[in-house]
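Undergrad: Starting off with a structure, shown below.
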Amino acid sequence: MTSATAAPGTRAPSAPAAGGNALAGTRTLIRFALRRDRIRLPVWILALFLSTLMTANSFRTLYSDPQDRANAVRSVDSPAGLAMSGPRHYLTDDGFGSILSHQMIGFTAVLVGLMSVLVITRHTRAEEETGRAELVRSAVVGRHAHLAAALSVAVLANLALALLLAVGLAGLGMEGVDTAGSLVYGFAHAAAGLVFAAVAAVTVQFTAHTRGASGMALAVIGVAYVLRAAGDSGTNDTLSWLSPIGWVQRSYPYVDDRWWPLLLSLLFAVACAAAGFRLSTRRDVGAGLRPQKPGSPTASAALTTPVGFALRLHRGMLAGFGTGLFLMGAMYGSILGDAEDMLAGIDEIEEALERIGGASVAESFASMVMVVLTVVAAVYVVMAALRPRSEETAGRAEPLLATGLSRSRWVGGHLAVAVGGGTVVLLLAGLGFGVAGAASTGDAGLVPDLTGAALAYAPALWVTVGAAAVLFGWFPRASQAAWIVPVYAFVVGYLGQILQFPDWMNNLSPFGHIPRLPAADMDWTPLLLLTLVAAALLWLGLTGFGRRDLETK
Amino acid sequence: MTKAITVSGLHKSFGRTHALDGLDLNVETGEVHGFLGPNGSGKSTSIRILLGLLRAGSGTARVLGRDPWTDSVNLHRRLAYVPGDVELWPGLTGGEAIDLLARLRGGLDGKRRAELIERFDLDPTKKGRAYSKGNRQKVAIVAALASDAELLLLDEPTAGLDPLMEVVFQDVIGEAKAAGKTVLLSSHILAQVEKLADRVSIIRLGRTVQSGTLAELRHLTRTTIEAETERPATGLAELSGVHDLRTVDEATGRVRFSVDGAQVGTAVRRLTEFGVRSLVSHPPTLEELMLRHYGDELAANGHGTGQGTDGEPR
Numbered sequence: 008m009t010s011a012t013a014a015p016g017t018r019a020p021s022a023p024a025a026g027g028n029a030l031a032g033t034r035t036l037i038r039f040a041l042r043r044d045r046i047r048l049p050v051w052i053l054a055l056f057l058s059t060l061m062t063a064n065s066f067r068t069l070y071s072d073p074q075d076r077a078n079a080v081r082s083v084d085s086p087a088g089l090a091m092s093g094p095r096h097y098l099t100d101d102g103f104g105s106i107l108s109h110q111m112i113g114f115t116a117v118l119v120g121l122m123s124v125l126v127i128t129r130h131t132r133a134e135e136e137t138g139r140a141e142l143v144r145s146a147v148v149g150r151h152a153h154l155a156a157a158l159s160v161a162v163l164a165n166l167a168l169a170l171l172l173a174v175g176l177a178g179l180g181m182e183g184v185d186t187a188g189s190l191v192y193g194f195a196h197a198a199a200g201l202v203f204a205a206v207a208a209v210t211v212q213f214t215a216h217t218r219g220a221s222g223m224a225l226a227v228i229g230v231a232y233v234l235r236a237a238g239d240s241g242t243n244d245t246l247s248w249l250s251p252i253g254w255v256q257r258s259y260p261y262v263d264d265r266w267w268p269l270l271l272s273l274l275f276a277v278a279c280a281a282a283g284f285r286l287s288t289r290r291d292v293g294a295g296l297r298p299q300k301p302g303s304p305t306a307s308a309a310l311t312t313p314v315g316f317a318l319r320l321h322r323g324m325l326a327g328f329g330t331g332l333f334l335m336g337a338m339y340g341s342i343l344g345d346a347e348d349m350l351a352g353i354d355e356i357e358e359a360l361e362r363i364g365g366a367s368v369a370e371s372f373a374s375m376v377m378v379v380l381t382v383v384a385a386v387y388v389v390m391a392a393l394r395p396r397s398e399e400t401a402g403r404a405e406p407l408l409a410t411g412l413s414r415s416r417w418v419g420g421h422l423a424v425a426v427g428g429g430t431v432v433l434l435l436a437g438l439g440f441g442v443a444g445a446a447s448t449g450d451a452g453l454v455p456d457l458t459g460a461a462l463a464y465a466p467a468l469w470v471t472v473g474a475a476a477v478l479f480g481w482f483p484r485a486s487q488a489a490w491i492v493p494v495y496a497f498v499v500g501y502l503g504q505i506l507q508f509p510d511w512m513n514n515l516s517p518f519g520h521i522p523r524l525p526a527a528d529m530d531w532t533p534l535l536l537l538t539l540v541a542a543a544l545l546w547l548g549l550t551g552f553g554r555r556d557l558e559t560k
Numbered sequence: 018m019t020k021a022i023t024v025s026g027l028h029k030s031f032g033r034t035h036a037l038d039g040l041d042l043n044v045e046t047g048e049v050h051g052f053l054g055p056n057g058s059g060k061s062t063s064i065r066i067l068l069g070l071l072r073a074g075s076g077t078a079r080v081l082g083r084d085p086w087t088d089s090v091n092l093h094r095r096l097a098y099v100p101g102d103v104e105l106w107p108g109l110t111g112g113e114a115i116d117l118l119a120r121l122r123g124g125l126d127g128k129r130r131a132e133l134i135e136r137f138d139l140d141p142t143k144k145g146r147a148y149s150k151g152n153r154q155k156v157a158i159v160a161a162l163a164s165d166a167e168l169l170l171l172d173e174p175t176a177g178l179d180p181l182m183e184v185v186f187q188d189v190i191g192e193a194k195a196a197g198k199t200v201l202l203s204s205h206i207l208a209q210v211e212k213l214a215d216r217v218s219i220i221r222l223g224r225t226v227q228s229g230t231l232a233e234l235r236h237l238t239r240t241t242i243e244a245e246t247e248r249p250a251t252g253l254a255e256l257s258g259v260h261d262l263r264t265v266d267e268a269t270g271r272v273r274f275s276v277d278g279a280q281v282g283t284a285v286r287r288l289t290e291f292g293v294r295s296l297v298s299h300p301p302t303l304e305e306l307m308l309r310h311y312g313d314e315l316a317a318n319g320h321g322t323g324q325g326t327d328g329e330p331r
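Each protein sequence line maps, in turn, to chains A and B.
Residues 8 to 560, numbered by my numbering, are exactly what the first sequence covers, in order.
Residues 18 to 331, numbered by my numbering, are exactly what the second sequence covers, in order.
Shown next, in the form of structure tokens:
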């Protein structure tokens, strides 16, 4: 019989080596994740790489002679400058490499962290939340395969960025940008990315929701940034040593080329990742660490109004951003006193400040802090204003809009929370800044001054909401383009001050039109105009949504 | 009688796909209307146009005498909708979702809500995430029936419900009908439609292919007859409307054939001439009706239908 003769020749089924292996299937999942991210990750990596390279290259013309470099170094030697850049030690060296590391690492470390956090949440918690992980895990896939694959992808992405940066920067052939320093510079980014990837590996275990897991990890990045900003601008270095961003900045590429702070980051990352794996064994697939508690069997009267309902969906994020911004403001406020002391008596700087219209060092510092606080508030506002879009694509708008709730009242509820909530988080940021600032300088008048300065940015936030509403109403598939507003405001308001962008670039951002209180004088005209623009955009967005098909699953 | 829903010549395209291609649909007030068709035939698209969630390309649609696109909010106060794939808010309990949907519709009958939750055996304190597919469906069904809507638009409402709940659902819809409500029931469960619907519309590729009461539709199709006669029955094959005649058992002279609805009487009269010993007739099931319309589709997929498809276009 043919079957009998063929039997000895057939290969025995491969031994069930994967049977007890918690990592079975990891390689396949890595390849799968890389396939899914084949556009997203290269875009992130190239954008970070090219913007660094372009910044470095621009120094050639910006600081063409050594005197310019010396001036550039001196100009950031203020609490405000140091809060925006990095530790003061970089100022002992005025080479191109030192300036680049000082001005860029704090900023790019945040973005690398963001990229890494999103890689982890996308390939772990988002998979569980949508139920796809369940399907995959029912195959020959180990318990830890998803997290291991996500971490591997994060490692690969960060290594790729590190090597690109090292090769690219060394290849520029600029004075003071040597190969050894470029290697440290590149791997400082990888270290920052890995730390926050590992942090996300822990946060995805806590909550059953991707949004919550990303939010927690981003909050860690925010705290890390604020800690280093406070530590670097003040006299207390310990605060910076509590921050992973502070660690990588202290590798001092092109200045000291220290590798050991990066090792510290690596150890921290390994510890966090291990904690993530360990925590994941204590929960079910799809669940968080805390069991879900039963809730109310009936709805309160407030819940069934459009705004009340929207508020309920937004309240977690609103509370998170409100608390975060209050603390962030307070952190900056607490170093406001130092700012004054540190710079008192340095004539050159006082002259420079007079030129930009600031009455005092503290006031100009405060105006710069406002830019950072408002950009964070703008991030909240975009997330809130895009909520109707995610409700729509998730299929949750359909049953609501089949009731007596009109389209404009439904979107209106969400937009009202975005507009009102944005104003509230701004108020809290200003209040935190003002209260802590008043305490550190002993000037109680700062409380109303700084709160008012923050609130002056509200119309720009409303315009941001309006832009998101127009995209949602007319170009729903391009809704995510609303992120351009805060990103652009950040690049112009933050990097623009260092790289000296022309005025028209500043004017493109709604935030660029706000008077820079408290350093500058109040001017109501732009605020009124921005409010009108915001109202027009909101109206336009509502009209568009009323005319288009609802997107259904 | 006023019509609850009138649709004529409705077209709708999404880019290059024609979801609806001249759909007609008439639903009388107070009837349960079955809305049948295979996946992707345009049932959900039609219902979403009737809800004003999608805008009709061309053709007219009237719901309770009004235009669903321009008058959607007023209409929504008078109707209730159950989608086939209910999505709930992860942070809201089922009870909160029921209240939210029913109150936004314009009113909630607390007693009825409690009764429905009891009958459907639903735990209203669980959060949206924790519900299974069937339980999410129950939330939407309870929300739809707990408010006093005169028109119910149900888009495969029992997908994911277990057979016990299916029975409860049929009871509840029966009561709604008795209370004078109009129901448009899109469904794949033919037994459910056979049990509940007064009239059905069958659609295919975005177009209505048949519409009428079940009795009318049966009349249009063939009845299967199996008979045993004293003497061998002859001359049946010559009768018009008789198909697939064959002798099942030579010894007893048992024959089986299918006959067009209009010719049943003639065929039975002919049989009696030979002395009928036994006679069994099967009216076509809804499944057979459906297969008749989609038979060529099945054949194209490599399935013989075995249900009198003679390739005759209707």
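Beta carbons: idealized from backbone N, C-alpha and C, even for Gly.
Scan the stretch 391 to 403 of chain A for residues whose Cβ lies nearer than 8 Å to a Cβ of chain B and list them as they occur along the chain.
TA: Going along the stretch 391 to 403 of chain A in chain order, one finds A401, G402 and R403 with a Cβ nearer than 8 Å to chain B.
Undergrad: Please report whether the beta-carbon of Q212 of chain A lies at a distance below 8 Å from any beta-carbon of chain B.
TA: Not one chain B Cβ lies under 8 Å of Q212 of chain A.
Undergrad: With a 10 Å radius around its C-beta and 16 neighbouring C-beta atoms as the bar for buried, classify P20 of chain A as buried or exposed.
TA: The pLDDT assigned to P20 of chain A is 42, lower than 50, so where the model puts this residue is not dependable, and the model offers no usable value.
Undergrad: Determine the chain A residues that contact A157 of chain B at a beta-carbon separation under 9 Å, and present them in chain order.
TA: The answer, in chain order, is P406.
Undergrad: Starting from S303 of chain A, find everything on chain B with Cβ-Cβ shorter than 8 Å and list it in chain order.
TA: Result: T110, G112, E113 and T142.
Undergrad: For H299 of chain B, is the classification buried or exposed, using 16 other Cβ atoms within 10 angstroms of its Cβ as the cut-off for buried?
TA: Classification for H299 of chain B: exposed.
Undergrad: May I ask you to verify whether the stretch 156 to 166 of chain A touches the stretch 26 to 37 of chain A, counting CB pairs closer than 8 Å and requiring at least 3?
TA: Yes, they touch.
Undergrad: Residues in the stretch 85 to 101 of chain B with C-beta within 7 Å of chain A's C-beta atoms, listed in sequence order?
TA: The residues in question are V90, H93, R94, Y98 and P100.
Undergrad: Can you find the residues in the same chain that come closer than 7 Å, C-beta to C-beta, to E135 of chain A, ignoring five residues on each side of it along the sequence?
TA: These residues qualify, in order along the chain: V292 and G293.
Undergrad: Helix or strand or just coil, what does DSSP make of F2 of chain B?
TA: In the structure displayed, chain B extends from 18 to 331; residue 2 of chain B sits before or after that span and is not available.
Undergrad: Taking 8 Å as the CB-CB cut-off, is V103 of chain B touching chain A?
TA: It does: the Cβ of V103 of chain B has a partner Cβ on chain A nearer than 8 Å.
Undergrad: On the three-state DSSP scale, how would you describe S367 of chain A?
TA: Coil.
Undergrad: Which whole-angstrom value is the C-beta distance of G439 of chain A and D456 of chain A, which I expect to be below 8 Å?
TA: With 8 Å as the limit, G439 of chain A and D456 of chain A do not qualify as a contact, their Cβ atoms being about 14 Å apart.
Undergrad: So is D44 of chain A buried or exposed if we call it buried at 16+ other beta carbons inside 10 Å?
TA: Buried, by the Cβ-count rule.
Undergrad: Where does S189 of chain A land, buried or exposed, given buried means 16+ other C-beta within 10 angstroms?
TA: The residue in question, S189 of chain A, is buried, as its Cβ has 16 or more Cβ neighbours within 10 Å.
Undergrad: Compare the beta carbon distance of V103 of chain B and S413 of chain A with 8 Å and say whether it is the shorter of the two.
TA: Cβ atoms of V103 of chain B and S413 of chain A: not closer than 8 Å.
Undergrad: What is the rounded straight-line gap between the Cα of Y311 of chain B and the Cα of G54 of chain B?
TA: One C-alpha to the other measures close to 9 Å.
Undergrad: Three-state secondary structure (DSSP) at G352 of chain A?
TA: Confidence at G352 of chain A is low in this model, with a pLDDT of 49, below 50, so the placement of that residue should be treated as unreliable; the coordinate-derived value is given next. Coil, per DSSP.
Undergrad: Quick check: is the beta carbon of F552 of chain A nearer than 8 Å to any beta carbon in chain B?
TA: No, because no Cβ of chain B sits closer than 8 Å to the Cβ of F552 of chain A.
Undergrad: Please classify D72 of chain A: is it buried, with 16 or more other beta-carbons within 10 angstroms of its beta-carbon, or exposed?
TA: With fewer than 16 other Cβ atoms within 10 Å, it is exposed.
Undergrad: Roughly how many angstroms lie between the CA atoms of V477 of chain A and G427 of chain A, to the nearest whole one?
TA: If you take the alpha carbons of V477 of chain A and G427 of chain A, they lie about 18 Å apart.
Undergrad: Terminal residues of the continuous beta strand (DSSP E) containing D277 of chain B?
TA: Taken as a continuous stretch (DSSP letters only), the beta strand (DSSP E) holding D277 of chain B covers R271 to D277.
Undergrad: Given that P107 of chain B touches chain A, what residues does it touch there, using C-beta distances under 7 Å?
TA: Per Cβ cutoff of 7 Å: H216.
Undergrad: Going by DSSP, which residues form a beta bridge with K20 of chain B?
TA: B:E45.
Undergrad: Is the Cβ of F316 of chain A closer than 8 Å to any Cβ of chain B?
TA: So, interface residue.
Undergrad: Alpha carbon to alpha carbon, how far is T217 of chain A from G74 of chain B? Give it in angstroms, no decimals.
TA: Roughly 38 Å separates the two Cα atoms.
Undergrad: Return helix, strand or coil for T312 of chain A, following the three-state DSSP convention.
TA: Of the three classes helix, strand and coil, the one that applies to T312 of chain A here is coil, per DSSP.
Undergrad: Any C-beta of chain A within less than 7 Å: which residues of the stretch 24 to 38 of chain B qualify?
TA: Here the close residues number zero.
Undergrad: Taking CB distances under 8 Å as the criterion, tell me whether L412 of chain A reaches chain B.
TA: For L412 of chain A, the answer is yes, since a Cβ of chain B falls inside 8 Å of its Cβ.
Undergrad: Out of curiosity, what's the CA-to-CA distance linking S258 of chain A and I112 of chain A?
TA: Their backbone Cα atoms lie some 10 Å apart in a straight line.
Undergrad: Just verifying my parser: in three-state terms, what is the DSSP assignment at A526 of chain A?
TA: Looking at A526 of chain A - three-state DSSP - the assignment turns out to be coil, as it is neither helix nor strand.
Undergrad: Keeping to the same chain, check which residues put their C-beta closer than 6 Å to that of S275 of chain B; ignore five residues upstream and five downstream.
TA: R239, T241, H260, D261 and G325, listed in sequence order.
Undergrad: Between the alpha carbons of A561 of chain A and V233 of chain A, how many angstroms are there, rounded?
TA: In the structure displayed, chain A extends from 8 to 560; residue 561 of chain A sits before or after that span and is not available.
Undergrad: Look at the Cβ atom of L179 of chain A, then the Cβ atom of I52 of chain A, and state whether they are nearer than 8 Å.
TA: No, Cβ-Cβ distance for L179 of chain A and I52 of chain A is not below 8 Å.
Undergrad: Please decide whether G76 of chain B counts as near chain A, where near means a Cβ-Cβ distance under 8 Å.
TA: It does not: the Cβ of G76 of chain B has no partner Cβ on chain A nearer than 8 Å.
Undergrad: Applying the 10 Å Cβ sphere with the 16-neighbour rule, what's the burial state of P249 of chain B?
TA: Exposed.
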